[in-house]
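Each protein sequence line maps, in turn, to chains A and P. So for the first sequence, the numbering used here puts the first residue at 103; every next one is plus one. So for the second sequence, the numbering used here puts the first residue at 63; every next one is plus one. All residues carry an ideal CB built from backbone N, CA and C; glycine is no exception. Owing to the predicted nature of the structure, the values given are computational and were not obtained by experimental measurement. Data first, discussion second: the structure below is written as structure tokens.
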Amino acid sequence: MNHFELFGLPPRFDLDPALLGERYRELQRAFHPDRFAGATPQERRLSVQRAAQVNLAYHTLRDPLERARYLLELHGIRSGEGGGQMDQEFLMQQMEMREALADVRNRPDPAAALAQIASEAKRMRNAVVQQLSRQFGEDSERSLAAASQSVNKLMFLNKILQEVDETEEELSS
Amino acid sequence: MTLLQISEPGRSPEPHQRRLAAGIDLGTTNSLVATVRSGGPVTLPDSAGHHLLPSVVHYRKGAPPLVGEEARRHLATDPQNTISSIKRMMGKGSADITGSGQRLPYRLVEGDSAVPRLHTAGGEFSAVEISAEILRALRRRAEQSLGGELYGVVITVPAYFDDAQRQATRDAARLAGLNVLRLLNEPTAAAVAYGLEQGAEGIYVVYDLGGGTFDVSLLRLSRGVFEVLATAGDTALGGDDMDLLVARWIMRQAGIGDDAGHHQLRRLLAAARGAKEGLTTAGSVSLEVELEGGGRWRGQLSRSRFEQLVEPLIKKTLAPCRRVLRDASVAADQVREVILVGGSTRAPLVQRLVGEFFGKEPLDGVDPDRVVAIGAAIQADILAGNKPDQEMLLLDVTPLSLGLETMGGLVEKVIPRNTPIPVSRAQEFTTYRDGQTAMAIHVLQGERELVSDCRSLGRFELRGIPPMVAGAARIRVTFQVDADGLLSVSAREETKGVEASIQVKPSYGLTDSEIEQMLKDSLAHASEDVAARTLREQQVEADRVLEALKTALDEDGESLLDSGERTAIEEAMEELRGAREGSDAREIKRAIKRLEQRSQAFAARRMDAGIKRALQGHALEEVAGPAGR
């Protein structure tokens, strides 16, 4: 049973986060080990496994990057290992952002500079997620190959945002 | 959806014939026990009417230890034999304890064990055994008050407790003869106590500053589901540290040197604590301390001076607050309410700084001392099967990342912090040298990249890897964390299917044989019979298994088993009933095992049926469902 089937959802990139959350809570109500406190040890062990499976599925479906990678995997495409030609313009933007991030401490207002990088990265991330939505919607061989490229971009952007968080934590401590 | 009815018809707990269950808040400074009575959850007092049990144990020569208020009276006069704040030593090694910078009056004994012991007049004891004394006292209180043996308990732990600290807590409960239904995170317990009563919905922060630990959790409350989104904290930060700062201030004022004796230090800490408590309401307090060489020192401490002293400490709690918001991608203004827990949140400065940080006045009207025990009692009552219709569900997370050591002393994370539990994640590793046949697996917990900066949980070895060129073997290491937050690790070589002999040597925990020995010692001490205790445990387990299986058969036996399968299970049940009437604990254990083997397929089918049931009613919706995002 794949993650979409487990959640009773069609295998699409676009999904309703509220519905996903609702299904998650329903499934946990059915399988969480606390619902099996009086059951046999065997059933308790099985419930731990099932609840873990539900958690993994939820984790995968909730996050756009994980969801996209998982959908590609269902189509037999391994993604997120670099590969393929990256869009030159995107690579340039990435380099600029990285340089800006490294230089943030030398700026007169590091927090503001950091916030600017973060909002730029988030804007780009939203754009890539919308791209993914179109690419998966088209569902052709060509669009799926393009989706694989979008996944690479999303990974870059997530990495940047993670570094933004780390820098923010360092600045505030 | 009520998937499983736990109780057996006929023996089901009637409203007035409930299973006795309790919630225990095993605190650094004070502990509490609570239960759900017909009127609702209540904390249980001792015969003198005190609800809080000071977490203090006083050991004596040739007499059983004193626990609680009686023990606390000996703190200043007999510091070496009077153990307080033992929670801070749970799951810790000697180096952790002596390296904490705090001068402890105890004599630490290091033996062969990974766990240090304290030398007292009554013998040498580990933190687990000392905590077990506190749990025993609470157990006695509960059983006297409820008039019977406890079926099970829920014990709370700081959300930020690591695996070794959780395991130590479970071990202490086992020594105290308690059946632990669940370890529950303290902030989650507080949210339950508050949320169920108020029917709260939305995003809540629980800020829990106790005597020795600090936790902050961010939860989403939605129709009885308590979903922890992120948690952070510091297991070595609490009200005790405020006392220490005030005590140092007194030392400077009174000209007391760092070489002061333990008696003097205990008196200073007691005075500091009194001052701290007084300053919750007063603007200034007078202090008086007996000096070692005779004479007294008298002085005044104003609230503003006190706040200057402790402000850096309270500010330290704001970094974890920032982190939970970030980890959960929640902005401070999305937080509906801030719930304060723990006696230390009574300090006006804490309320002010936390209020400023989240941009809203923290809630009052919750008793910060009792709320955790109350939440634990509610959960215990449900887990004991007393509330079959209760839809409450607690979804918690791992507080710290879990990973293992790779080449160059680096940590590879397998499960990141704030992952919902239970969780199971696997990752593949490979060999470093040609012909390598064994692999050492070192399990770590923490956020840093270097092994030396993380906490070592344990090590084990995978042997019997078929010799191959370096990098060819595929070793799949699986981490599983259960609902208590406890980790188990297994490893398997995928090309040949060799399973690891998972002898985890806990870095800071007790081994099974050490626990057995402690159990024997403690029973001998209580002049209880070891064999009788073991038999009783197995009988209780047999009853549980039989009862659960009977319910399962009543529900699904008809639809999921053919008559041959059903007979096989019923035969094994009959066999177990027979063994249970005898007096051979090992025979009961064997009969339980056999029954489990026979009912394995049935259990799996019931789970699959559960998935179908959970998804029923959605099929139509899917076809016509909205295509929105």
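Check, Outcome
"Ala249 of chain A at chain P interface by Cβ criterion, 7 Å", "no"
"CB contact check: Leu82 of chain P to chain A, cutoff 7 Å", "no"
"Partner residues on chain A for Ala298 of chain P, Cβ-Cβ distance less than 9 Å", "Those do not exist, as Ala298 of chain P stays about 17 Å from chain A at its closest Cβ, beyond 9 Å."
"Listed by chain order, chain P residues near Gln144 of chain A by CB distance under 7 Å", "Glu658, Ser661, Gln662 and Ala665"
"Three-state secondary structure assigned by DSSP to Met580 of chain P", "helix"
"For Lys338 of chain P and Ala214 of chain A, the rounded distance between their alpha carbons", "39 Å"
"Every unbroken alpha helix (DSSP H) inside the stretch 396-444 of chain P [4 residues or more]", "410-420"
"Cβ contact (3+ pairs, closer than 8 Å) linking the stretch 83-96 of chain P and the stretch 214-231 of chain P", "yes"
"Interface positions of the stretch 148-160 of chain A facing chain P (Cβ-Cβ less than 8 Å), listed along the chain", "Leu148, Ser149, Val150, Gln151, Arg152, Ala153, Ala154, Gln155, Asn157, Leu158 and Tyr160"
"Member of A:Arg146, A:Leu108 and A:Ala202 whose CA lies at the smallest distance from the CA of Thr269 of chain A", "A:Ala202"
"For Ile650 of chain P and Arg740 of chain P, believed in contact at Cβ under 8 Å, the rounded distance", "Since the first and last residues shown for chain P are 63 and 691, residue 740 of chain P lies out of range."
"Three-state class that DSSP yields for Arg120 of chain P in the structure shown", "Per the sequence shown, residue 120 of chain P should be read as His rather than Arg. Reduced to three states, the DSSP call for His120 of chain P is strand."
"Spatially closest choice to Arg606 of chain P from P:Leu106, P:Glu658, P:Leu462 and P:Glu578, by CA coordinates", "P:Glu658"
"Alpha carbon of Leu549 of chain P to alpha carbon of Gly357 of chain P, nearest angstrom", "55 Å"
"Three-pair Cβ contact test at 8 Å for the stretch 109-118 of chain A versus the stretch 500-511 of chain P", "no"
"Own chain residues within Cβ distance below 6 Å of Asn241 of chain P, not counting five before or after", "Gly214"
"Interface residues of chain P facing Leu167 of chain A [CB-CB closer than 9 Å]", "Per Cβ cutoff of 9 Å: no residues; Leu167 of chain A is ~14 Å from chain P at best."
"Opening and closing residue of the alpha helix (DSSP H) in which Asn157 of chain A lies", "Pro143 to Arg164"
"Buried or exposed (CB count within 10 angstroms, at least 16 for buried), Pro178 of chain P", "buried"
"Any non-hydrogen atom of the ligand FMN closer than 6 Å to Leu411 of chain P Cβ", "Looking at this structure, you won't find the ligand FMN or any other ligand, since it has none at all."
"Helix, strand or coil at Thr218 of chain P [DSSP, three-state]", "strand"
"Contacts that Ala610 of chain P makes with chain A (C-beta to C-beta distance below 8 Å)", "Gly140, Ala141, Thr142 and Glu145"
"Asp224 of chain P (DSSP reduced to helix, strand or coil)", "coil"
"Within chain P, partners of Arg180 of chain A - CB distance below 7 Å", "Result: empty, since nearest Cβ-Cβ is about 14 Å, beyond 7 Å."
"Range of the contiguous beta strand (DSSP E) that encloses Val476 of chain P", "Leu472 to Ile477"
"Residues bridged to Glu490 of chain P (per DSSP)", "P:Arg538"
"Under the three-state DSSP convention, the category Ala214 of chain A falls into", "helix"
"Delimiting residues of the beta strand (DSSP E) encompassing His181 of chain P", "Arg179 to Thr182"
"Short CB-CB distance (under 7 Å) between Asp544 of chain P and chain A", "yes"
"Rounded straight-line distance, which links the Cα of Ala132 of chain A to that of Pro528 of chain P", "42 Å"
"Pair within 7 Å by beta-carbon distance, Val400 of chain P and Pro424 of chain P", "yes"
"Minimum Cβ-Cβ distance from Val266 of chain A to chain P less than 7 Å", "no"
"Tyr570 of chain P - DSSP class collapsed to helix/strand/coil", "coil"
"Where Leu129 of chain A meets chain P, residues with beta-carbon distance less than 7 Å", "Ala676"
"Pairwise C-alpha distance: Ala110 of chain P and Tyr99 of chain P", "It should be pointed out that residue 99 of chain P corresponds to Arg in this sequence rather than to Tyr. Arg99 of chain P and Ala110 of chain P: Cα-Cα distance of roughly 20 Å."
"Sequence ranges, beta strand (DSSP E) only - wholly within the stretch 107-153 of chain P, length at least 3", "118-122, 125-129 and 144-146"
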